[in-house]
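Asker: My questions all concern the structure below.
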Amino acid sequence: MSSLLIHMALTYRVCLLMCHQVLLLQIRGHATAIKVMRQDLCRKIACEKDGKMAYGNECCKGRLCKRKKGLIAGVLVSVSFMVAVAAFCAFLRCPIKGKGWELNPARLSSLTGRTCQTKVYTYEELSEATGRSEENKGLTEGADGDIHVGLLSDGTHVAVQTIRCETEQDLMQVLNKVGFLSQISHRNIASILGCCIGSRNALLLVHEFTANGTLEELLRKERAIILSWFHRISIATEVANILAYLQFDVQPPIYLHNLKSSDILVDMDYSVKISTFKFSKTRSGDGFCSYVVSQDSHDMYNFGLLLMEMITGSNSRNLPHTVLPRLSDGTLIEIVDPCLRFYEQTPGLYEQVENVAHLAERCLISSRKGESCILEIAKDLGRLMKQHIDSISTVGPELEQTLSDSSLLQMISNSPD
Numbered sequence: 001m002s003s004l005l006i007h008m009a010l011t012y013r014v015c016l017l018m019c020h021q022v023l024l025l026q027i028r029g030h031a032t033a034i035k036v037m038r039q040d041l042c043r044k045i046a047c048e049k050d051g052k053m054a055y056g057n058e059c060c061k062g063r064l065c066k067r068k069k070g071l072i073a074g075v076l077v078s079v080s081f082m083v084a085v086a087a088f089c090a091f092l093r094c095p096i097k098g099k100g101w102e103l104n105p106a107r108l109s110s111l112t113g114r115t116c117q118t119k120v121y122t123y124e125e126l127s128e129a130t131g132r133s134e135e136n137k138g139l140t141e142g143a144d145g146d147i148h149v150g151l152l153s154d155g156t157h158v159a160v161q162t163i164r165c166e167t168e169q170d171l172m173q174v175l176n177k178v179g180f181l182s183q184i185s186h187r188n189i190a191s192i193l194g195c196c197i198g199s200r201n202a203l204l205l206v207h208e209f210t211a212n213g214t215l216e217e218l219l220r221k222e223r224a225i226i227l228s229w230f231h232r233i234s235i236a237t238e239v240a241n242i243l244a245y246l247q248f249d250v251q252p253p254i255y256l257h258n259l260k261s262s263d264i265l266v267d268m269d270y271s272v273k274i275s276t277f278k279f280s281k282t283r284s285g286d287g288f289c290s291y292v293v294s295q296d297s298h299d300m301y302n303f304g305l306l307l308m309e310m311i312t313g314s315n316s317r318n319l320p321h322t323v324l325p326r327l328s329d330g331t332l333i334e335i336v337d338p339c340l341r342f343y344e345q346t347p348g349l350y351e352q353v354e355n356v357a358h359l360a361e362r363c364l365i366s367s368r369k370g371e372s373c374i375l376e377i378a379k380d381l382g383r384l385m386k387q388h389i390d391s392i393s394t395v396g397p398e399l400e401q402t403l404s405d406s407s408l409l410q411m412i413s414n415s416p417d
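Throughout the sequence shown, residue numbering follows the UniProt record's numbering, covering 1 to 417 in sequence.
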């Protein structure tokens, strides 16, 4: 009798082991697996007959046979249930693969013709352009939004931006946004020159770029150019003018949301352009290519930080905690960018720096109130610019060029007040 109990215990363990094995089988073959298990299970049931151990059908007598059949039925029902659960779990875990899409580059011309008027470049042209630039070894496509500087065969400086879309509909949304941007005509906003379809259906947008790079690079002294106070206040005035234009002259208004010095391109004559990288890849939370203009504006706060960065030469996000206390206790000069050499300048110039710091403070206060005072800030910067021009006895060729190139500064210099 003890031998029978031992064998039945072993049979139970075998059943558990086989149930585990069934869960590991492919769903397609689960019916065959259950049938094989049933046969194996019958062979493994043991009993004592005529003083000897017997197995399988020889043990099927009376109540034992019924118990065996009940045990087999119970095991098979349990196994079938577990297989069904495993199949359902596998179904849930299996990703649903959408239909892939391939855009014929030849179709890009017709698509852009319906949405926007931009040049269609070849991939080889852009690869060669980025290869000519000292800042790139070649065109490499990485994550969405990667940007590579290039130089076209005609000498035009460009920035090539990679934007990935999952469907042709997404691509059309991007091209519609490019069409909207191409209608914005402002000398201080970088143009989108053209586009190209790269590998894996990546849309390559070709943006206008500038030879002097970005304001961030100039403030970090990465281009061996020291920005004078005149150039800094000139750049600040033009940026304020651009923000006012985007908020009040464009419908619907455009908010940059996260304006940084790296978004401001500086040309050889120190005039500025706002890059269109962010415009073209603005996205909402419901997809890769939901190109809708952001309505959440932090422009005033970020412009205040930008003014502080031009004063100090630092781009720390803690600038308000550094600059404003110094402005209050009259020690602002201690944190002014050393490259400006203010200890050699006239007291009137330091007063201008304090005035710009006060304008930065106004921007932060306006941001906290949810208001925009960019028009007033632009006018005040213009007055400071005019004062600076009037204080210079001799206008050099650089200043004359800047005034002639900037319609805003022309207006300021001709203003009676």
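Here a beta-carbon is modelled for each residue, glycine too, at the ideal position from N, C-alpha and C. Everything numeric in this text was worked out from a predicted model, so none of it was measured.
Just to confirm my understanding: we take Pro253, look at its own chain, exclude 5 residues before and 5 after, and list those with CB closer than 6 Å. What are they?
Answerer: As a first step, residue 253 must be located in the sequence shown, where it is residue number 253. These residues qualify, in order along the chain: Gln247.
Asker: Report the option in Leu243, Ala129, Gly313, His321 whose CA atom is closest to the CA atom of Ser228.
Answerer: On the sequence shown, residue 228 is found 228 positions in, with the first residue counted as 1. Ser228 has its Cα closest to that of Gly313, out of Leu243, Ala129, Gly313, His321.
Asker: In whole angstroms, give me the CA-to-CA distance for Val239 and Asn176.
Answerer: Along the sequence shown, one-based indexing puts residue 239 at 239. Along the sequence shown, one-based indexing puts residue 176 at 176. So the alpha carbons of these two residues sit roughly 26 Å apart.
Asker: Would you kindly work out how many angstroms separate the C-alpha atoms of Tyr121 and Cys196, rounded to a whole number?
Answerer: Here the question's residue 121 lines up with position 121 in the sequence shown. Here the question's residue 196 lines up with position 196 in the sequence shown. Distance between the alpha carbons of Tyr121 and Cys196: 5 Å.
Asker: State yes or no: is the C-beta of Ser234 within less than 8 Å of the C-beta of Met385?
Answerer: On the sequence shown, residue 234 is found 234 positions in, with the first residue counted as 1. On the sequence shown, residue 385 is found 385 positions in, with the first residue counted as 1. Yes, the Cβ-Cβ distance between Ser234 and Met385 is below 8 Å.
Asker: How would you write the range of the beta strand (DSSP E) that Gly150 sits in, first residue to last?
Answerer: On the sequence shown, position 150 is the one that residue 150 refers to. Start and end: 147–151.
Asker: Locate the beta strand (DSSP E) running through His207, then write down its first and last residues.
Answerer: In the sequence shown, counting from the first residue as 1, residue 207 sits at position 207. Run containing His207: 202–208, per the beta strand (DSSP E) assignment.
Asker: Within this structure, are the beta carbons of Asn258 and His298 separated by less than 8 Å?
Answerer: If you number the sequence shown from 1, residue 258 lands on position 258. If you number the sequence shown from 1, residue 298 lands on position 298. It is a contact, given that the beta carbons lie within the stated cut-off.
Asker: Which residues does DSSP list as the beta-bridge partners of Leu384?
Answerer: Your numbering for residue 384 matches position 384 in the sequence shown. Paired residues: none, contrary to the question.
Asker: Among Thr167, Asp249, His148, Ser127, which has the Cα closest to the Cα of Leu375?
Answerer: Here the question's residue 375 lines up with position 375 in the sequence shown. Among Thr167, Asp249, His148, Ser127, the Cα nearest to that of Leu375 is on Asp249.
Asker: Residue range of the alpha helix (DSSP H) that Ala240 falls in?
Answerer: Reading the sequence shown from its first residue, position 240 is the one you call residue 240. Start and end: 229–248.
Asker: Taking just the CA atoms, how far does Val323 sit from Leu332?
Answerer: As a first step, residue 332 is located in the sequence shown; it is residue number 332 there, counting from the start. As a first step, residue 323 is located in the sequence shown; it is residue number 323 there, counting from the start. Computed Cα separation, rounded: 7 Å.
Asker: Considering only C-alpha positions, which residue in the set Arg220, Leu151, Thr167, Lys369 is nearest to Ala211?
Answerer: Here residue 211 refers to the residue found at position 211 of the sequence shown. Taking only the C-alpha atoms, the option nearest Ala211 is Leu151.
Asker: For Ile226, count the other beta carbons within 10 Å of its own beta carbon; 16 or more makes it buried, fewer makes it exposed. Which is it?
Answerer: For this step, residue 226 is matched to residue 226 along the sequence shown. Burial call: exposed.
Asker: Give every residue of the same chain whose Cβ lies closer than 6 Å to the Cβ of Cys363, excluding the five residues on either side of it in the sequence, and list them in chain order.
Answerer: The sequence position of residue 363 within the sequence shown is 363, counting from 1. Excluding residues within five positions, the ones whose Cβ falls inside 6 Å are Met300, Phe303, Gly304.
Asker: In whole angstroms, what separates the C-alpha of Thr140 from that of Glu361?
Answerer: Counting from one through the sequence shown, the residue named residue 140 turns up at place 140. Counting from one through the sequence shown, the residue named residue 361 turns up at place 361. Low confidence applies here, because Thr140 scores a pLDDT of 43, under 50, leaving its location unreliable; read the following figure in that light. Using only the alpha carbons, I get a separation of about 42 Å.
Asker: I need the boundaries of the alpha helix (DSSP H) containing Thr322, first residue and last residue.
Answerer: On the sequence shown, residue 322 is found 322 positions in, with the first residue counted as 1. Element bounds for Thr322: 319–329.
Asker: Can you tell me whether Leu243 is buried or exposed, with buried defined as 16 or more other CB within 10 angstroms of its CB?
Answerer: As a position in the sequence shown, residue 243 is number 243, starting the count at 1. Label assigned to Leu243: buried.
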